[in-house]
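Note sheet for the following structure.
So this is what it looks like as structure tokens:
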């Protein structure tokens with residue numbers, strides 16, 4: 001078998017979402033030949049659900065502990081590269097491809113750019129400002145002017161498909177990040193080695209229209225849900241680690257300052273929220289400054 005296209009989906013205790021995503025992945029007009037399920041769950045529910053499908057295209061792998069998206073992605077990338085697949089879909093259990101033709105369009109993009117050193121493709125991406133240490137939204141006019149646009153990073157929930165040549169060069173995710181910015185860390189490594197990240201402009205624009213985000217402006221600061229605020233620790237810590245590792249020191253100190261500001265801004269939403277926010281942000285800032293990536 002010509003192993004052109006395989007994939008993996010990272011999952012953690014969401015078997016119903018996972019089964020829906022698997023169905024949509026295999027319903028693609030150009031589906032992966034094999035699909036690994038990298039399971040971070042502690043129980044057997046997901047394993048049983050996969051076994052009940054009795055689909056020879058599925059391979060189940062239990063990590064044995066919660067390695068986070070960063071650890072699970074490393075496992076998936078290594079396993080599929082070892083199996084000899086040329087292109088690797090990196091998926092999340094609750095984010096299926098947006099359209100039935102998504103993978104077909106992305107492989108058409110790959111075939112049209114064989115003369116370039118393409119490291120990955122996807123449906124939505126961002127640029128990264130190395131001076132400010134933040135992602136930048138592409139303007140609509142950029143997407144309208146070209147069918148393909150080069151970006152700096154593509155999230156794992158955006159039909160991210162990796163060239164296994166990248167993995168064979170030793171470029172992988174950093175498991176110690178656990179959760180948050182693991183794609184940015186990986187993509188910056190890839191970019192430093194000369195690989196391009198390309199997105200399909202047509203799908204990008206279609207998704208902006210579908211979700212009414214054509215004129216979206218990111219708010220300076222907004223109140224977070226209880227689930228989101230707990231993740232703020234990883235966002236702050238991991239971004240500081242990545243910036244320092246890549247010697248983006250101006251951006252590093254800017255983000256240290258922003259984190260200090262966040263500790264105070266949270267009190268706009270009440271005392272209880274402010275104290276919770278301050279404690280989480282402080283811990284992320286402390287670990288982001290005192291620890292780091294190797």
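Numbering (UniProt numbering), first residue to last: 1 to 294.
Each residue gets a CB set at the ideal place from its N, CA and C atoms; glycine is no exception.
Leaving out five residues before and five after residue 143 in sequence, what residues of the same chain have Cβ atoms less than 7 Å from its Cβ?
Counting from one through the chain shown, the residue named residue 143 turns up at place 143. Excluding positions up to five away in sequence, the list reads 149, 201, 204, 205.
Among residues of its own chain, excluding the 5 on either side of residue 14, which ones have a beta-carbon nearer than 7 Å to its beta-carbon?
Reading the chain shown from its first residue, position 14 is the one you call residue 14. Around residue 14: 93, 94.
Indicate the three-state DSSP secondary structure (helix, strand or coil) for residue 99 in the structure shown.
Sequence index remark: in the chain shown, residue 99 carries index 99 (1-based). Residue 99 falls in the coil class under three-state DSSP.
Using alpha carbons as the reference points, say which of 253, 107, 273 lies closest to residue 162.
Residue mapping note: residue 162 aligns to position 162 of the chain shown, counting from 1. The option with the nearest alpha carbon to residue 162 is 107.
What do you get for residue 87, buried or exposed, if any count of 16 or more other CB atoms within 10 angstroms of its CB means buried?
Residue numbering aside, residue 87 sits at position 87 when the chain shown is read from its first letter. Label assigned to residue 87: buried.
What first and last residue would you give for the beta strand (DSSP E) that runs through residue 92?
Translated into positions along the chain shown, residue 92 becomes position 92. In the DSSP assignment, residue 92 falls within the unbroken beta strand (DSSP E) covering 87-92.
Below 8 Å on the Cβ atoms is my contact criterion, and I expect residue 39 with residue 46 to pass it. Report the Cβ-Cβ distance as a whole number of Å.
Your numbering for residue 39 matches position 39 in the chain shown. Your numbering for residue 46 matches position 46 in the chain shown. Correct: roughly 5 Å between the Cβ atoms.
Which residue from 266, 154, 12, 182 puts its Cα closest to that of residue 66?
Counting from 1 along the chain shown, the entry for residue 66 is found at position 66. Closest by C-alpha distance to residue 66, out of 266, 154, 12, 182, is 12.
Taking residue 293 as the reference, give the member of 16, 263, 243, 268 with the closest Cα.
In the chain shown, the residue the question calls residue 293 occupies position 293. Of 16, 263, 243, 268, the residue nearest in Cα terms is 243.
Let me check one thing: in DSSP terms, what residues is residue 152 bridge-paired to?
Along the chain shown, read from residue 1 onward, the residue named residue 152 stands at position 152. Its beta-bridge partners do not exist; DSSP assigns none.
What does DSSP give as the partner residues of residue 11 in its beta bridges?
One-based indexing of the chain shown puts residue 11 at position 11. Residue 11 pairs with 39.
Have a look at 288, 158, 212 and flag the residue whose alpha-carbon is nearest the alpha-carbon of residue 90.
On the chain shown, position 90 is the one that residue 90 refers to. Among 288, 158, 212, the Cα nearest to that of residue 90 is on 158.
Within 8 Å, do at least three Cβ pairs link the segment 108-121 to the segment 172-179?
no
Please name the residue in 268, 140, 238 whose C-alpha comes closest to that of residue 212.
For the purposes of this step, residue 212 is identified with residue 212 of the chain shown, where counting begins at 1. Of the candidates 268, 140, 238, the one whose C-alpha sits nearest the C-alpha of residue 212 is 140.
Look up residue 270 in the DSSP assignment and say whether it is helix, strand or coil.
The sequence position of residue 270 within the chain shown is 270, counting from 1. Residue 270: coil per DSSP, three-state reduction.
Note down the Cα distance separating residue 273 from residue 195, rounded to an integer number of angstroms.
What you label residue 273 is simply residue 273 of the chain shown in a count that begins at 1. What you label residue 195 is simply residue 195 of the chain shown in a count that begins at 1. Going from the Cα of residue 273 to the Cα of residue 195 covers about 43 Å.
Using only CA atoms, which one of 198, 83, 35 lies nearest to residue 114?
The sequence position of residue 114 within the chain shown is 114, counting from 1. Restricting attention to 198, 83, 35, the CA atom closest to the CA of residue 114 is found in 198.
Inter-residue spacing [alpha-carbon to alpha-carbon] between residue 18 and residue 133
Residue numbering aside, residue 18 sits at position 18 when the chain shown is read from its first letter. Residue numbering aside, residue 133 sits at position 133 when the chain shown is read from its first letter. Approximately 33 Å between the Cα atoms of the pair.
Quickly, what does DSSP pair residue 198 with across the bridge? List them, please.
In the chain shown, counting from the first residue as 1, residue 198 sits at position 198. 121, 150.
So, helix, strand or coil for residue 369, using DSSP?
Here the chain has residues from 1 to 294 only, and residue 369 is not among them.
Beta-carbon separation of residue 61 and residue 75 under 8 Å?
Along the chain shown, read from residue 1 onward, the residue named residue 61 stands at position 61. Along the chain shown, read from residue 1 onward, the residue named residue 75 stands at position 75. Their beta carbons are under 8 Å apart, which means residue 61 touches residue 75 by this criterion.
Cα-Cα separation between residue 227 and residue 2, rounded to whole angstroms
To locate residue 227, count along the chain shown from 1; it is residue 227. To locate residue 2, count along the chain shown from 1; it is residue 2. Using only the alpha carbons, I get a separation of about 43 Å.
Give the DSSP-derived three-state secondary structure of residue 127 in the structure shown.
As a working mapping, residue 127 is identified with position 127 in the chain shown. In the structure shown, residue 127 sits in a strand (DSSP, three-state: E or B).
For residue 236, which residues in the same chain have their Cβ closer than 7 Å to its Cβ, ignoring the five residues on either side in sequence?
Within the chain shown, residue 236 is the residue found at index 236, counting from 1. Closer than 7 Å at the Cβ level, and outside the excluded window around residue 236, lie 259, 281, 284, 285, 288.
Tell me where the beta strand (DSSP E) around residue 135 begins and ends.
For the purposes of this step, residue 135 is taken as residue 135 along the chain shown, with counting starting at 1. 134-136 is the extent of the beta strand (DSSP E) around residue 135.
Below 8 Å between beta carbons: does that hold for residue 193 and residue 104?
Position 193 of the chain shown, counting from 1, holds the residue named residue 193. Position 104 of the chain shown, counting from 1, holds the residue named residue 104. Not in contact: residue 193 and residue 104 (Cβ atoms no closer than 8 Å).
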